């Protein structure tokens with residue numbers, strides 16, 4: 036079942052920087068699209084990552100270990116998929 040993970044671009048970049056370039060999580064994250072998004076009075080780019088449920092769980096597990104600030108964005112996508 037595909038789901039969409041969205042997160043601010045700076046958070047996505049920080050997570051990606053900490054993920055091993057030789058891992059499946061890195062390969063999945065490389066497929067994200069970067070899109071402009073309006074936030075209050077300015078544009079704040081966001082990363083959108085479409086992936087399968089199992090892959091999202093794996094990315095969440097990696098975030099738990101290397102960059103906990105990204106957990107809430109990934110968990111939100113997983114929660115919306117379970118509804």
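Residue numbers (the numbering used here): 36 to 118. We put the beta carbon where it would ideally sit given N, CA and C, even for glycine. Since we're looking at a predicted model, the values are computed, not measured.
Tell me whether residue i is buried or exposed, calling it buried when 16 or more other Cβ atoms sit within 10 Å of its Cβ.
| i | result |
| --- | --- |
| residue 108 | buried |
| residue 90 | buried |
| residue 39 | exposed |
| residue 79 | exposed |
| residue 81 | buried |
| residue 63 | buried |
| residue 36 | exposed |
In this structure, how does DSSP classify residue i when only helix, strand and coil are distinguished?
| i | result |
| --- | --- |
| residue 64 | helix |
| residue 118 | coil |
| residue 92 | helix |
| residue 79 | coil |
| residue 103 | helix |
For residue i, report the span of its alpha helix (DSSP H) as first-last.
| i | result |
| --- | --- |
| residue 53 | 44-53 |
Give a yes or no on contact between the segment 98-107 and the segment 39-53, applying the rule of three or more CB pairs nearer than 8 angstroms. The segment 98-107 vs the segment 39-53: in contact.
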